[in-house]
Amino acid sequence: MQSIFFLVSAAAATQLILLATGDNRQCNALQPSRMTLRMADASNKSLRYEILNGVALKLKTMKDRDGELEQQTMPVQTDASDEVYVTADTNCTYSYYIREACKSEINEITSVLMKAFHPQSQPLFDSYIQRYKYNHLQMCFSLPKNDMGIFVACACAENETNEEIVGFCCVDGRPNDPSSRIEFLTESTLACTCPRPYLSDLGVLPTHRRRGIGQTLVGACEDWAMKRGHDTLYLKVDETKKSTMKLYKGMGYNKTVLPGVRPGSGGKKWGNDVLLQKQIICAKAREVGERRSWFRRILMRVLQSS
């Protein structure tokens, strides 16, 4: 394919997928079976995403922190089993891509996290929250690349060359601290003692939500963890946020408890937060099987019609 890209259009609030192959373009509304995303780095090299039948998204190429391109494969499950619906809230058309974050982008990432998690925070607390998030990002970037995966989602408006960071997510793959004592867990120490790899800080700007960006960022973290030999990924989420719980449940995450913690005891210490986990190796094998089944069904239809 010469040109593969995924564009989101909000014309007449219609859910739209624009699929282009070479110079021939097809526009499929409401029930797309194939969706692709075109990415480009600073040198205009074409990077490629692909969603087949709304089940899996494969990342062919990704740019790392040093700006180098590396080949990867990233599975992502969507909410829909047979279709992918993408909705835009603005009058602009965007192309999106995922890449590893750079340390020089800490200020921009901090701003994105503030808008994603604290859109109505009081000015009195803004400086404290910003300083905390900034220091946390500094710590993340100080770790070796094999210990911490740091990803951003970027958007480029139609006919524009400058990118905008619209989402963020990271995964901590450091070994667990054997000196951690589960009975001493508190809300302030939870992030340091949760089982790893541990996914955190998944946030997308409100103006760019409901377009699959969150699922794609989670998929990047899952792929990062799998490539480093991990078979399970953990995260913590507020159980009262139904939409967030639905997102993770749709991607295969289930409630669990930390080893050594009695079921139900963690809720008193963590408030409404619950620990979720996903067997990412098994999920990948299942997604591969689904893609093969989809291919077999298509092949049988072709053979029967010929």
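Numbered according to mature numbering (1 follows the signal peptide of the UniProt record, and there is no 0), the sequence shown spans residues -22 to -1, 1 to 284. For every residue, glycine included, the Cβ atom is placed at its ideal position computed from N, Cα and C.
Residue span of the alpha helix (DSSP H) that contains residue i, given as start and end
i: GLU200; result: 191 to 205
i: GLU86; result: 84 to 95
Helix, strand or coil at residue i according to DSSP, with G and I counted as helix
i: ASP150; result: strand
i: VAL182; result: strand
i: residue 302; result: Not covered by the structure: residue 302. The range shown for the chain is -22 to 284.
i: VAL130; result: strand
i: GLN116; result: helix
i: ASP104; result: helix
i: GLY228; result: helix
i: VAL280; result: helix
Cβ shell of residue i (< 7 Å), same chain only, five flanking positions each side left out
i: ILE276; result: none
i: ASN250; result: ASP216, GLU217 and THR218
i: HIS96; result: ILE107
i: ASP179; result: LEU91, PHE146, CYS147 and CYS148
i: LEU195; result: ILE76, PHE129, ALA131, GLY145, CYS147 and LEU180
i: GLU142; result: CYS132 and ALA133
i: ARG279; result: none
i: GLN98; result: none
i: ASP1; result: Low local confidence applies: a pLDDT of 26 at ASP1 is under 50, so the model's placement there is unreliable, with the coordinate-based value given in what follows. Answer for ASP1: no residue qualifies.
i: SER243; result: Reliability fails at SER243, whose pLDDT of 44 lies under 50, so the model's placement of it is uncertain and no value is given.
i: CYS118; result: MET126, ILE128 and CYS148
Span of the beta strand (DSSP E), counted from its first residue to its last, around residue i
i: ASP216; result: 210 to 216
i: ARG77; result: 72 to 78
Cβ neighbours of residue i in the same chain (closer than 6 Å, five flanking residues each side left out)
i: LYS93; result: LEU183
i: TYR231; result: LEU254 and LYS256
i: HIS208; result: PRO175
i: THR234; result: LEU253 and GLN255
i: PRO241; result: With a pLDDT of 48 at PRO241, under the threshold of 50, the modelled position of that residue is not reliable, and no figure is offered here.
Opposing strand residues paired with residue i [DSSP bridges]
i: LYS256; result: LEU211
i: LYS81; result: In the DSSP output, where bridge partners are listed per residue, LYS81 has none listed.
i: GLU138; result: For GLU138, which the question treats as bridged, DSSP gives no partner whatsoever.
i: LYS233; result: LEU254
i: LEU177; result: VAL149 and LEU213
Residue i beta carbon near the ligand ATP (any heavy atom closer than 6 Å)
i: ASP150; result: With respect to the ligand ATP, the structure offers nothing, as it holds no ligand at all.
Residues of its chain near residue i, where Cβ-Cβ distance is below 8 Å and the 5 sequence neighbours each way are ignored
i: ARG152; result: LEU121, ASP125, MET126 and ARG174
i: GLU83; result: VAL130 and ILE143
i: TYR110; result: none
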